[in-house]
Structures are given as C-alpha cells and as structure tokens.
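Chains A and B supply the protein sequences, listed in that same order. Just so you know, we're using this note's numbering here: the first sequence kicks off at 946 and counts up by one. Just so you know, we're using this note's numbering here: the second sequence kicks off at 946 and counts up by one.
2 protein chains.
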Amino acid sequence: MIKSPTISFDESAELLVKALGANNVADVSRVLQPLDVTETLEQLERLNTIERALAYRTLPKDRAIEVFERLDAALQADLVAGLQDSEVAEVFAGLSPDDRVALMDELPASVANRLILGLSEKERALTSTVLGYPQGAVGRYMSPEFVITHPELTVGETLARVRAQLDDAESVYTIPVTDAGRNLVGVVSLRDVLRADAAVFVSGIMKSPLSVPATQDAEEAARYCADAKVLVLPIVDAEERLVGILTVDDALQILEDAESEDAARAGGSEPLRRPYLATPVRSIVRARVVWLLVLALGATLTVQVIGAFEATLEQQVVLSLFIPLLIGTGGNTGNQAATTITRALALGDVRPKDVLRVFAREVRVGALLGLLLGTLGFTIAALAFSVPIGLVIGLTLLGVCTMAASIGGLMPLLGKAVKADPAVFSNPFISTFVDSTGLIIYFLIATSILGL
Amino acid sequence: MIKSPTISFDESAELLVKALGANNVADVSRVLQPLDVTETLEQLERLNTIERALAYRTLPKDRAIEVFERLDAALQADLVAGLQDSEVAEVFAGLSPDDRVALMDELPASVANRLILGLSEKERALTSTVLGYPQGAVGRYMSPEFVITHPELTVGETLARVRAQLDDAESVYTIPVTDAGRNLVGVVSLRDVLRADAAVFVSGIMKSPLSVPATQDAEEAARYCADAKVLVLPIVDAEERLVGILTVDDALQILEDAESEDAARAGGSEPLRRPYLATPVRSIVRARVVWLLVLALGATLTVQVIGAFEATLEQQVVLSLFIPLLIGTGGNTGNQAATTITRALALGDVRPKDVLRVFAREVRVGALLGLLLGTLGFTIAALAFSVPIGLVIGLTLLGVCTMAASIGGLMPLLGKAVKADPAVFSNPFISTFVDSTGLIIYFLIATSILGL
C-alpha cells in the first residue's frame, strides 16, 4: 500500500493464496521472502488459521519471532496450537512480559502454566508482576523493565545507567526518577539528559511526573498518555511506588482495541478478536447473534404497542404507511445523540456528573431538529394526504425527535454510571424504548387529532 | 480524574463556572493556578467560547502558550478572536509549523495572512513547506524540523549533531539517514547510537527505513506509523527525498480525529469539531440535521412501498404489527455488517479488492443469522398468532437477514472504491435500501403464503 516493492500487495496476496492452496512451501517462502515485518503481518492476517500456521513456519527465524510478537494475542494463541513445543517455548520467552500475559489469557490454563514454568527465574518474576493486576487494568499492559535514576545522581551517572540497560529497558527516552523508597518523584527525558552538563544533578533538571495507578482502567490510562502527549507514562502502586511504564505504542494498541470495541458495539455487535478475514464465519455469527436477539426481543414490544392500537389502524390503514418513517427517524435521532455522548465520554470531554447539562442540551437539540423535520413533514403529508394527517405527522416528528435525542443522550451516561459499557447499555435500550414510545406518541396524537 | 490534587476535578469545574459567572477574575485565576497543562485543557474544553477566552487570559504566560498549543485548531481559532493582536502573534510564532498550518485553516484568510507575515523568515519557510501539501495529506501534519545524519558519518559525529539540535528538532529519538542527494537511505535510533562505539560509521548500524510520501492520506500514514510501532515516520517527496517527519503523537491525534469522525458518521451525524460541551447547540443541530433529512427522505420510499400494498394491509391489519420488528432487524443486521467492514477498512484488514470474499462471507453470515432468528420467529409467531403468520415471519427474517448482511457488507467497500467515506456512503443507503427491500420481501411472502 505504501512502499512500492517490485510486486504489489494484492499480487503478493494472490500468489500466497495460490501457493498455499497448492501446498507449495517453496513458493510460499518465495512470496514472503521480500516482505518486511509489517507487510508479512498484513499478509498473515488475511489467511485462515491453518494457512497462517503453514505460512508462518516458512519465515526465517528472526523475522518469525518479530512477527509473532506483533500478532494479536488471539492469533498468537491460534498459532501456538500449530507449532512444536520447542518453538512455542522460544517465542514465549522472547515476548515482553505484558505481551506474554496477554497471550496467556488466550491459552488453555494447562498450556499457559507449562510455558511459564519454562521461563528463566527473572522472566517469570517480571511476568508475575504483570499477571498480578486484574484484566482491564493498565498494570496488565505495562512493562516492568525500565531504567530509573535518582535525584542525587548526576546527569553523567544517569547516562551511564541508560547505556548499561539499553538492551533490557522497554524505553529509555523518558527516565523515571525515584527516591530511596522507590517512590516516583520526577521524570527526565533523554533529550534533557543529553542537553545538560554531565556534572549537573538530576534533581536540577527533572520535571514533575505524570503517573497513573496500576489498577486504573487501561483505556483511561492510555487516553491520559495520549492526551498528555508523553512517550512513557510511569505506573505506580497504591503507595506511589514505581512498578512499571506504559509506552506510547502500547497505549496506541489499547486505544485501537477500545475503539474497535466501541465501533462494533455502536453497530450492535461484539468486537471480533481477530482481523475480519482471519475470523471464521461462525465466530462472526456468534459476535452478532446475541445482539440481534436482544434487539429483536426488545422490538416485540412494538408488536404489542401496535396490537393495542389495532382498532385505530383498522379504521385508518393509512396510518401504517408512516410507521417505518417515524420510528426510523426516532431511532436515528436517538442514535446520533447516543453516539455523540459515547464518544465524548471516551475522550473525557463529558463526565457522568454532567448529566443535567447534557440532558438540557439534548432536549434543545432534539426540539430544534423536531421543529425542522416536523414542519417539513407537515407540509409534505398535508399536500400528499390531508391537513389532519399532516398535523399528525408533523407533531409526532416534533415529539419523537425531542424524546429520542434526550433519551439517546442520557443512556450512555447512565450506562457509565452503572459501570456498563456506554454503547452496550444504550443500543438496545434506545431501540426498544424509543421505538415503542415513538409509536405510542404517534397513535395518541393520531387518535386525538383524527378523532378516532 | 487520575491524579489526586487537593480538590477534585468536579469541584474545580464547579468553582470555575461560579467564578466566571460572577466575573471574578481573581477567583478564576485561583482555581486554575494549581492545575497542570492537561488539567487546564480539560477545564477549558468544558466552557463556552466567551468563558474560555476569559479563563485563558488569567493563565500565567508560559502555561498559556503550552495550553494554546494543545487546544484543537477550532478552539484556537475561537480564542484568537478574543486575544489582542500582540498576544496572537506571540502564540502563533510559538506553534510548530504543522500546528500553525492547522490553525491557519480555521482562521479568516486575512487574519492568517497577517499572522504569517509577522513570522521570522525561517519560520515562514518552514510553514510554507507544510502549507504546500493538500489538506488531508500527511505533509500537512509533518514536522519539517528534524536532525539527520549520513552513512559516512560516525556515531560520535551523529551524537554531536543530535546535541546541537536538541532545541529545534521535533524528535531526536529516531534519526533519518540521508545521502548526498537528500534521499532517505536509512534510520538509526538514538538507542542504537548510544549503544555503538563512537568511531563506528552510521552505515554500519542503520536500519532500512520505513517512509511514506508527503501526499499520502494522513489517516493511512498515521495508521502505518501505529502499525509499524515507530516513534517517528520519515516523510519523503516524489523523488524519495526526506522532507519531514511524522511523530507518533501527531499520528495519535490524526487517528483520534479520524475515529471521532467514523464514530459520528456511523451514528448518522457529522463530527463536532470541538469537544461536546464546548460546541454551541446550533452547531450540534447543524451536524445532525442534514443526515436526518437525508435518512427521512430515504424513508419516504417505505411510505410508498407500504402504500403499494395498502390493499393487502386492509385485508390483514395484523401484518402491520410486525413492520417495526422486521425492518428493525434488517436494519440492525445491515448495520452490524457495515460497521464491521468499515472498521476493517480503517484498520487495513480488508481492501476494496476483497469485495468478493467479503460478499461471500456476509451472505453466509446473514443466512445463518436469518436461519436462527427465522426459526425463533416462526415458533413464537405460530404460537401467538397462526402457523401461516409464523411462516411469513420466519421466511421474511431469513430473507431480510441474508439481504441486509450482504448489502451492509458491500456498501463500505463500494464507498471506498468511489473514494467516499465508507460510513457516509453506507448509512443512508442501508437504511433506505434495506428498509424498502425488506418490506417488499415481507409483503411478497405474505401475499403468496396467505393467498391475498
């Protein structure tokens, strides 16, 4: 897509599928040979599990380890099943502690336990630091390998420490400063270290540190890292002692996953845990079916509402013509509000305490939208049918838009307040409540205006 | 939210609004005084334009400049209107070239021109490099200030270059390597520079560079930077000469904005260009009304479809009961597919050329979902109403789900192929087409089974 190798991405993809189909290992290897790690990943992520294991095993060893590291944990777990024990032990030992823990979460417990026992004592200790935090906490994503310095050391001594740990530390570009009790008291950037005279004390150039507790929600911590535009966010325990660092690339990965989740749930399905083309059809069905059932179940309420007004409909079948238009508009208005507030919550622009401000704004937005659409709806329906029908349509649109926007705006906040995913909470509720309430508004306005 | 200052975020917010309401500058200043840059930003982003200008002017000078730099360009432009010319010139000169160009895009041309004339010659040249690329291209977001080294220089010489440009360069942690013709030939990380002996030549430690052309779409380039997990992505011109660097924090910002846009459009509205609470109600209405009108206009097709089957409905009013449920399920299935494919496109997991693979998968997914829901629908409707009604509902669900999933999966790809935003393209089309087609399927099945 971006670089221009001798053959294009699409051509490689085609050749790869052909070679895999023919079980021609030499050709598979020839296609993958000229690709870099990122390109290799992109190709592997388009294959099914068996093809991927086959293609992976043709990779030269160093690239294989780098590629493995960069795969999603779910795909890593798929691969593990297709590799020999010795190969698995090797790639497992090569992973960083946070990636190792992510993979362990995907593996059967017996496999995970066997793998962790095969690690060196040091790696096992680092891994269990990360494993000690609950799933979803930033402690799970942090790196326990970092360089530190102290206020009473000089810049020259700090640079020597950095040089000594270049191979182990996850990042050396931001160096946390701790006191004798391992408490985080500052940070220095490598840039400032290079700028300062070697004899200057760290205390003279360090900046006040940003940090988050290891138990903090990973998405919030990642967002904080992004908003603060830092390359490294120190992670502390309950006593403010430094326990790890979150690097910006891990933060990016957390945010990308969180956004995939939000996008999926806004669209009424669970996120796929693998790239689309690498996900089996049955997993896609599974990610969608529960949501569809919940939404369909909610929609049976509309069957009952219409059933309750069946006599009205029998007198004026024309009313049924507008049902999809009216509840569709209600649903759209509700979704607009819910999507906006869900995103504002994710970005930290709105907090659960802002519920009254949000409600007041959405009532106004909904009423304005309803006024615009209602006027238009009245005009069209009055011309096409009759003035009373026009009035029913216009007033219903006004009522439905106001109701839908305010409910749509409230739901994500309510979801957040009860510690549910705002999108998961909003979606079925808006569909069910807004649709049924919209129909009730419609039929009440219709019966009173048309005198049914 | 994350740090625990003496008073909480919500308390600060409340005190700030109170002080601003009372026009009490001393109190405003007292509330903002203990906050760091990120906290100050979060508070400012909750205020309206006038309050924000007032609060901003109470900030101590260095923090004011830092805060200004970190505001969204639209909020910066709002602020400019409330500051004195000399203040504006100062913050403008303090911005990095890419941020300066983003702000210029928001300002009236006369103001932008006046500001650029006030810059030093060097800053003006840097700014026009960035300005030279079209909106949406990564060249607009790159930094033209960077340190470079050459293959024939030593590590010691490279480190001296880095030290000499610590104040100007946007990042010094990844150093592009260019040849005599300014062509990018490699990159070295500062980590590798620190690790190597001072006498070693750069050619001995440099790695092959990743790069993107300056005219590349910014979101694609940012995604590439994130996927490749690099802190700095070199940007080259058409002749492969280095013209700038994209840093990971700029990439993060590009992705965050792109994701806000995708989320808004998936929810059927345009993205707000300011944080929610900082956006006037009329701007929110504007962001939503066009979409609502387009969707409502599309929905008038459903009015006509039902109108065409009015006679059928008059005979069997019971059929109108299921309209919201059936088209709701169709819409949900279509949205699920569209959301999944839109996200997969954004992540590069699926390409427009994959259209046949996607279609084949979505037909299978839709048919399986339809089979599950249809069986359930048949059972419930047969028990509650009659077996023929059950058959109508069950078969309609099967047809509607298959149709909706395949259309929903295709639309984002079609949108991408005609260079439209996949979400913008999909949303109205799915609503309109899937709803109307769903109704046609419903009434055709109903008339043939019920013999109407």
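Just so you know, even glycine gets a beta-carbon here, dropped at the ideal spot from N, CA and C. On a predicted model such as this, the values are computed, not experimentally measured, just so you know.
At 9 Å on the CB atoms, spell out the chain B contacts of A:P1079, in chain order. Within 9 Å Cβ-Cβ: nothing; A:P1079 doesn't reach chain B, min ~17 Å.
B:T1074 and B:I1061 - do their beta-carbons sit closer together than 8 Å? For the pair B:I1061 and B:T1074, the CB atoms are not nearer than the 8 Å cut-off.
Which partner residues does A:S953 have in the DSSP bridge list? In the DSSP output, where bridge partners are listed per residue, A:S953 has none listed.
Beta bridge counterpart(s) of A:V1157 as assigned by DSSP: Under DSSP, A:V1157 forms a beta bridge with A:I1180.
Cβ-based neighbour list, A:G1243, same chain, cut-off 6 Å, excluding 5 preceding and 5 following: The answer, listed in chain order, is P1373, S1376 and T1377.
Mapping DSSP to helix, strand and coil, what is A:I1386? Secondary structure of A:I1386 (DSSP, three-state): helix.
State yes or no: is the C-beta of A:P1367 within less than 8 Å of the C-beta of A:L1290? Result yes, Cβ atoms of A:P1367 and A:L1290 sit closer than 8 Å.
On the criterion of 16 or more Cβ atoms from any shown chain inside 10 Å, does B:S949 qualify as buried, or is it exposed? Because the pLDDT at B:S949 is just 45, under 50, the model does not fix this residue reliably, and the point stays unresolved.
Given this structure, state the Cα-to-Cα distance separating A:T1003 from B:L1197, to the nearest angstrom. Using only the alpha carbons, I get a separation of about 34 Å.
Under 7 Å between beta-carbons, which chain B residues line up against A:N1280? List them in chain order, please. What A:N1280 touches in chain B: G1212 and G1213.
Does at least one heavy atom of the ligand ATP sit under 7 Å from the Cβ of B:L960? Ligands in the displayed structure: none, and consequently the ligand ATP is not present.
Determine the chain D residues that contact A:R1218 at a beta-carbon separation under 7 Å, and present them in chain order. Among the protein chains of the structure shown, namely A and B, there is no chain D.
Helix or strand or just coil, what does DSSP make of B:K1152? Here B:K1152 sits in strand by DSSP.
Among the residues of its own chain, which have a CB less than 7 Å from the CB of B:G1318, if the five just before and after it don't count? At residue 1318 of chain B the sequence reads Leu, which differs from the Gly that was named. Within the same chain, B:L1318 has close Cβ partners T1274, L1342 and C1346.
Cα-Cα separation, A:L1064 to B:E1206: Taking the straight line joining both Cα atoms gives about 45 Å.
Mind listing the chain B neighbours of A:V1234? Cutoff is C-beta to C-beta under 7 Å, in chain order. Under the 7 Å cutoff, chain B gives L1314 and L1317.
Neighbour-count burial assignment, B:G1396, 16 or more Cβ in a 10 Å radius: B:G1396 is exposed by the Cβ-count criterion.
What alpha helix (DSSP H) runs, 4 residues minimum, are completely inside the segment 1087-1129 of chain A? Taken in chain order, the complete alpha helix (DSSP H) segments of 4 or more residues contained in the segment 1087-1129 of chain A are 1100-1109.
Label A:N969 either buried or exposed according to how many other C-beta atoms from any shown protein chain fall within 10 Å of its C-beta, with 16 as the threshold for buried. By the neighbour-count criterion, in which 16 or more other beta carbons inside 10 Å mark a residue as buried, A:N969 falls on the exposed side.
What are the residues that DSSP puts in a beta bridge with A:R1140? For A:R1140, which the question treats as bridged, DSSP gives no partner whatsoever.
With 8 Å set as the bound, which would you pick, yes or no: does the beta-carbon of A:I1390 sit closer than that to a beta-carbon of chain B? Proximity of A:I1390 to chain B, defined by a Cβ-Cβ separation below 8 Å, is not satisfied.
Is the Cβ of A:S1041 closer than 8 Å to any Cβ of chain B? With its beta carbon at least 8 Å from every one in chain B, A:S1041 lies outside the interface.
Three-state secondary structure (DSSP) of B:D1172: The answer is helix: DSSP assigns B:D1172 an H, G or I state.
For A:G1084, which of A:A1109, A:A1141, A:L1098 and A:P1179 has the nearest alpha-carbon? It is A:P1179.
Between the C-alpha atoms of B:A1038 and A:V1226, what's the straight-line distance to the nearest angstrom? So the alpha carbons of these two residues sit roughly 55 Å apart.
A:L980 - DSSP class collapsed to helix/strand/coil: In the structure shown, A:L980 falls within a coil segment according to DSSP collapsed to helix, strand and coil.
Pairwise C-alpha distance: A:S1055 and A:V1025: About 13 Å.
Check whether chain A comes within 8 Å of B:F1267, counting only Cβ atoms and requiring the distance to be less than that. Contact with chain A is found for B:F1267, since one of that chain's Cβ atoms lies less than 8 Å from the residue's Cβ.
Would you kindly work out how many angstroms separate the C-alpha atoms of A:G1383 and A:D1299, rounded to a whole number? Rounded to the nearest angstrom, the two C-alpha atoms are 26 Å apart.
Using a Cβ cut-off of 8 Å (strictly closer), state whether A:E1115 contacts chain B. So, not an interface residue.
So, using beta-carbon positions, are B:A1391 and B:T1257 closer together than 8 Å? It is a contact, given that the beta carbons lie within the stated cut-off.
Counting only runs that start and end within the segment 1228-1306 of chain A, where is the alpha helix (DSSP H) found for 4 or more residues in a row? Taken in chain order, the complete alpha helix (DSSP H) segments of 4 or more residues contained in the segment 1228-1306 of chain A are 1255-1260 and 1268-1291.
Going by other Cβ atoms of all chains shown within 10 Å of its Cβ, with 16 needed for buried, is A:I952 buried or exposed? Exposed is the label assigned to A:I952, since fewer than 16 other Cβ atoms lie within 10 Å of its Cβ.
Looking at chain A, is there any beta carbon in it that lies within less than 8 Å of the beta carbon of B:S957? It does not: the Cβ of B:S957 has no partner Cβ on chain A nearer than 8 Å.
Is the Cβ of A:V1332 closer than 8 Å to any Cβ of chain B? Judged by the 8 Å Cβ criterion, A:V1332 is not in contact with chain B.
For B:R1059, the three-state DSSP class (helix, strand or coil): B:R1059 falls in the helix class under three-state DSSP.
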